[in-house]
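Okay, so here's the structure we're looking at.
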Ligand code: RFL
Ligand code: PHB
C-alpha cells in the first residue's frame, strides 16, 4: 500500500489533519486502535477558542457547531465567598470561546472523512513506524481480521496521544522532555440536568478546586479536585453532589442536581517533548505535549498544530519546498509553551495543594483578587483563555 501521509490516531488532531490535507489534494491513511464508537463517546474537552472555531468553519466542518455550539463571552472566578465575572468580549475587543464537546467535534470530523471516502481504519493493532529518516517512511499495522499491512508514505504524523508509540520512535538522544506532575486529579461527572450557570465557574475553595461547565442547555459537566490516587468507587453520586454543593455554595444561588450519566478521574500533568519533528516523522497534539485541563487548552493546541502542519506538508509534498516543514516544530512550540504556562498558572492559582499550609492560600487569594480587580491582569487572563495571538513588537 502507498499513501502520501500516514496518520497514527483518530483523535481530533489526526482527523482534522486528514481532512485539511484532503482539501489540499494530499491523500492520507488514518489508523486507530479504538473503535469508531469509542472515539465518538470518549468524554474530554468542552471549550473551543475562537481560532479553533474559525479553522473548523473554514474547513467546512462547522454546520452543527454553528447550530449547537454555545458562544461564551467570559468566565466566573469564585473565591473567598464571592463570584467575579471576567468579561472576555470587553477585555479582548470581542473575543469569545465556544462550548462544544470534543465528542461532537470528533463525530463531525469522522462523518466528514467517511462522507469524502477518506481512509480510516479503526480497531487496528501493533502499530509500527520505521525508516523515518528516509523519504519513504513506513507505517505497519494489523487490521481487525488479522492482516498485517505495510504502508509506504512520504511522511508519517504521530497524532496518537500521550500514550502512543510515535514519540518513542524519535531516538532519546534527539529529544528533550520537560515534565511536571500535580498532587491532585479531577473527578468529572456528566449530569442530566440544565446547567445552573450561564458561563463556566472556576471555583477556589479551601477543600479543593471545583469547575461548573456544560455540554448543552440540558446537560452539565462538573469537576472536583480530588487526590491523585482517588478511588472512584468511594464517590457515590450523593457524595459528589454534596461536595459540589459545599464548594460552590453562594448565598442566593442554587446548584441544581440531576442524574449522573458518567463519571471518571483524570490525572493532571504538564509535558512537552521537543522537537515535534524528526526526519519525516511529525508529532501533533497530545503526542507531543500535555497540559492540565484548567486552562481548556489541550484540544485547541491539537487543532492548532495540525492546522500549521497541513500547510507545511502540502508545501513539502506538493510544492517540493521544505521551509515550512523545517519551521513546524519551533512555530508550534512557541504556542505550546504559552499554553503550558497559562494552564500551570490557572491550575496553581485555583487548586489547594495538599500540605501547603495557609501561606499558599493567602497568595492564591491575593492573585485572584488582583486578576478580578485590575483590568491589566484580567486582560492577560482573558487573552490567554480566548487564544493568545502574538503581535509584532517594534524593534
Ligand atoms: P487524543 O484525543 O488522545 O487522540 C489520540 C488517538 O490516538 C489513538 N492511538 C493510537 N492509534 C493507533 N496506534 C496506536 N499505537 C495508538 N495509540 C493511541 C488513541 O486511541 C486516540 O484515539 O489526542 P489528540 O488528537 O492530540 O487530541 C488531544 C485532546 O484529546 C486533548 O488535548 C484534550 O481532550 C484535553 N482537554 C481539554 N482540551 C481543551 O482544549 N479544552 C478543554 O476544555 C479540555 N478539557 C481535556 C479536558 C482533557 C481531559 N482529559 C480526560 C484528559 C478535560 C479532560 C477531563
Ligand atoms: C469541560 O467542559 O470539560 C472543561 C471546560 C473548561 C476546562 C476544562 C474542561 O478548563
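Residue numbers (my numbering): 2 to 396. We put the CB at the ideal spot given by N, CA and C, even for glycine.
Straight through space, the alpha carbons of residue 223 and residue 139 are spaced by roughly 43 Å.
For a cut-off of 8 Å, the C-beta gap from residue 41 to residue 108 is around 5 Å, short enough to register as a contact. Assignment of beta strand (DSSP E) within the region 253-283, counting only whole runs of 3 or more residues, yields 261-275 in chain order. Look at which beta carbons fall closer than 5 Å to any heavy atom of ligand 2; those residues are 47, 48, 214, 222, 294 and 297. Between the C-alpha atoms of residue 235 and residue 113 there is a straight-line separation of about 41 Å. Nearest in C-alpha terms to residue 27, of all of 316, 47, 268 and 37, is 316. The C-beta distance from residue 30 to residue 152 rounds to 6 Å, short enough to meet the 8 Å contact threshold.
For residue 54, the enclosing alpha helix (DSSP H) begins and ends at 51-59. Taking a C-beta distance under 8 Å as the contact criterion, residue 283 and residue 304 do not qualify as a contact pair. Under the Cβ criterion (8 Å, minimum of three pairs), the region 368-385 counts as touching the region 72-83. For the options 279, 392 and 329, the alpha carbon positioned closest to that of residue 169 is the one of 279.
Taking a 10 Å sphere around the C-beta of residue 193, we find fewer than 16 other C-beta atoms and assign the residue as exposed.
For the 8 Å CB-CB criterion, residue 142 and residue 127 form a contact.
Taking a 10 Å sphere around the C-beta of residue 329, we find 16 or more other C-beta atoms and assign the residue as buried.
Residue 89 and residue 73 have their C-alpha atoms some 9 Å from each other. The continuous beta strand (DSSP E) containing residue 224 extends over residues 220-227.
For residue 71, the uninterrupted beta strand (DSSP E) run begins and ends at 71-73, by DSSP. Rounded to the nearest angstrom, the Cβ distance from residue 186 to residue 268 is 5 Å, consistent with a contact under 8 Å. Note on geometry: alpha-carbon atoms of residue 181 and residue 270 lie some 6 Å from one another.
Residues of the same chain with a CB within less than 8 Å of the CB of residue 387, apart from the 5 flanking positions on each side, are 50, 51, 89, 93, 96, 97 and 98 in chain order. Annotation: the continuous alpha helix (DSSP H) that includes residue 242 extends over 238-249. The count of Cβ pairs closer than 8 Å, one atom from the region 325-345 and one from the region 51-65, stays below three, leaving the stretches out of contact. Within the chosen limit of 7 Å, ligand 1 reaches the beta carbon of residue 287 through at least one heavy atom.
Per DSSP, the beta-bridge partners of residue 203 are 78 and 212. The alpha-carbon separation between residue 312 and residue 319 amounts to approximately 10 Å. Going by DSSP, residue 86 is part of the beta strand (DSSP E) stretching over 83-88. Burial is judged here by how many other beta carbons sit within 10 angstroms of a residue's own beta carbon; residue 348 has at least 16 and is buried.
Across the set 375, 288, 207 and 189, the C-alpha of 288 shows the shortest separation from the C-alpha of residue 10. Distances from the CA of residue 37 to each of 111, 7 and 102 were compared; the closest alpha carbon is that of 111. Rounded to the nearest angstrom, the gap between the Cα atoms of residue 20 and residue 238 is 40 Å. When C-alpha distances from residue 24 are compared across 60, 200 and 359, the shortest belongs to 60.
As computed with DSSP, residue 187 is found in a beta bridge with 226 and 267. Rounded to whole angstroms, the gap between the alpha carbons of residue 355 and residue 104 is 33 Å. Within the chosen limit of 7 Å, ligand 1 does not reach the beta carbon of residue 245 with any heavy atom.
Pairing residue 115 with residue 162, the inter-Cα distance amounts to about 22 Å. The shortest CA-to-CA distance from residue 286 to any of 7, 2, 18 and 6 is the one to 18.
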